[in-house]
Amino acid sequence: MRSAILFLLLPLILLGVEKSKIINSETTMTISERGTAILKINKSMLIADKAGEDLAKILISVNDYVRLDKARVRVLDSRGKKKRKYSKRNFNQIDGLSSGSLASGELHYFLDVSNVIPKPFRLELEYTTEISSLFFWPTWSPQEHFPVEQASYLLNVPENFQFYFFNPGGIQGESSKSAPYRWTYSDIEIFPDEVAMPSDVFDKYRVYFVADHFELDGYAGRGSSWEGIGDFYWSLTKDQFHLDTASVRDLKFDSCESKRDTIAQIYNYVQE
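This is the structure:
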């Protein structure tokens, strides 16, 4: 009889079990007149089950142009009482692999607080990074592998500052069209666990940003067009890569019937 009653009550019991989630995620990007920026991240999370331990394994990645200024972590029990607190000095530093890209010197700050107190518990994360070049303006990606109840992005820019943004998914949420700019999403579903997902799924909630003008190590660039990006990259690399101009004369473009054939011949030459 007891087993039958338990079987009937089991769906109600499971319904009341809390699952790990992100309660609130706030991102604030403040751009200075010098073309640098301060990025602040504030997250409040519920760690309620085994899966939620991934949320409590905190990883902050930086590079030569993005520096971690400060970080603070607080662990609170189910009643909201503070049980643990951590700062930047408590994070372990892990060297990243150099990819040969513009942003080398990759470094990861890691802190695991997944089992410091019994579950369920509340985790509050706050950290600030300094971005020395707007070429590395990060994408805002509020969707995660856990439900997100509320996410917001606040952008503060100098007067007459020009920039561009794009949400490929077409979901605008609640957004303002004047400074300070703000984007807000509510009840964001879990990021799909797929190896190769379509771009419209991957980019559904993402917002991409680019500054009209930016500077990197004294090299100026424009983000308003691919031509501007190309000119910027050429100015960075023009003294590093050289082609033998004498051998270029061996290219025969007269026989090319289309631009495709011309590009193919140049491509094959470069690969050799």
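Quick note on numbering: the sequence shown equals residues 2 to 273 in this note's numbering.
C-beta: ideal position from N, C-alpha, C; glycine also.
Residues that DSSP places opposite residue i in a beta bridge
i: residue 157; result: 31
i: residue 86; result: 75
i: residue 214; result: 223
i: residue 47; result: 22 and 123
i: residue 146; result: DSSP, once it has assigned bridges, lists no residue as partnering residue 146.
i: residue 58; result: 113
i: residue 67; result: 64 and 132
i: residue 209; result: 167
i: residue 40; result: 30 and 130
i: residue 152; result: 26 and 186
Range covered by the alpha helix (DSSP H) that runs through residue i
i: residue 232; result: 227–238
i: residue 271; result: 260–272
Straight-line gap, residue i to residue j (C-alpha atoms, nearest Å)
i: residue 166; j: residue 19; result: 36 Å
i: residue 214; j: residue 226; result: 11 Å
i: residue 197; j: residue 123; result: 33 Å
i: residue 42; j: residue 156; result: 12 Å
i: residue 94; j: residue 61; result: 10 Å
i: residue 52; j: residue 208; result: 27 Å
i: residue 64; j: residue 106; result: 5 Å
i: residue 27; j: residue 153; result: 5 Å
i: residue 25; j: residue 257; result: 58 Å
i: residue 86; j: residue 223; result: 42 Å
i: residue 15; j: residue 195; result: Reliability of the predicted coordinates at residue 15 is poor, the pLDDT of 41 falling under 50, and the value obtained from them is presented with this limitation in mind. Each residue's Cα considered, the two are about 27 Å apart.
i: residue 46; j: residue 121; result: 11 Å
i: residue 147; j: residue 136; result: 30 Å
i: residue 39; j: residue 138; result: 10 Å
i: residue 163; j: residue 212; result: 6 Å
i: residue 150; j: residue 142; result: 14 Å
i: residue 201; j: residue 255; result: 42 Å
i: residue 117; j: residue 232; result: 51 Å
i: residue 91; j: residue 191; result: 30 Å
i: residue 109; j: residue 96; result: 6 Å
i: residue 193; j: residue 263; result: 42 Å
i: residue 172; j: residue 216; result: 31 Å
i: residue 183; j: residue 113; result: 31 Å
i: residue 288; j: residue 132; result: With the chain running from 2 to 273 in the structure shown, residue 288 is simply not present.
i: residue 130; j: residue 260; result: 45 Å
i: residue 34; j: residue 189; result: 34 Å
i: residue 66; j: residue 134; result: 6 Å
Limits of the unbroken beta strand (DSSP E) element including residue i
i: residue 200; result: No beta strand (DSSP E) contains residue 200, which is instead part of the alpha helix (DSSP H) from 200–203.
i: residue 108; result: 108–113
i: residue 141; result: Careful: residue 141 lies outside any beta strand (DSSP E) and carries neither H nor E.
i: residue 95; result: 93–96
i: residue 167; result: 164–167
i: residue 186; result: 182–189
Residue burial classification, residue i (beta-carbon count within 10 angstroms, cutoff 16)
i: residue 160; result: exposed
i: residue 221; result: exposed
i: residue 23; result: buried
i: residue 36; result: buried
i: residue 83; result: exposed
i: residue 238; result: exposed
i: residue 111; result: exposed
i: residue 58; result: exposed
i: residue 274; result: The chain is shown only over 2 to 273; residue 274 falls outside these bounds and no answer can be derived.
i: residue 140; result: exposed
i: residue 206; result: buried
i: residue 71; result: exposed
i: residue 204; result: buried
i: residue 74; result: buried
Any C-beta of chain B under 9 Å from that of residue i
i: residue 152; result: No chain B is part of this structure, which consists of one protein chain only.
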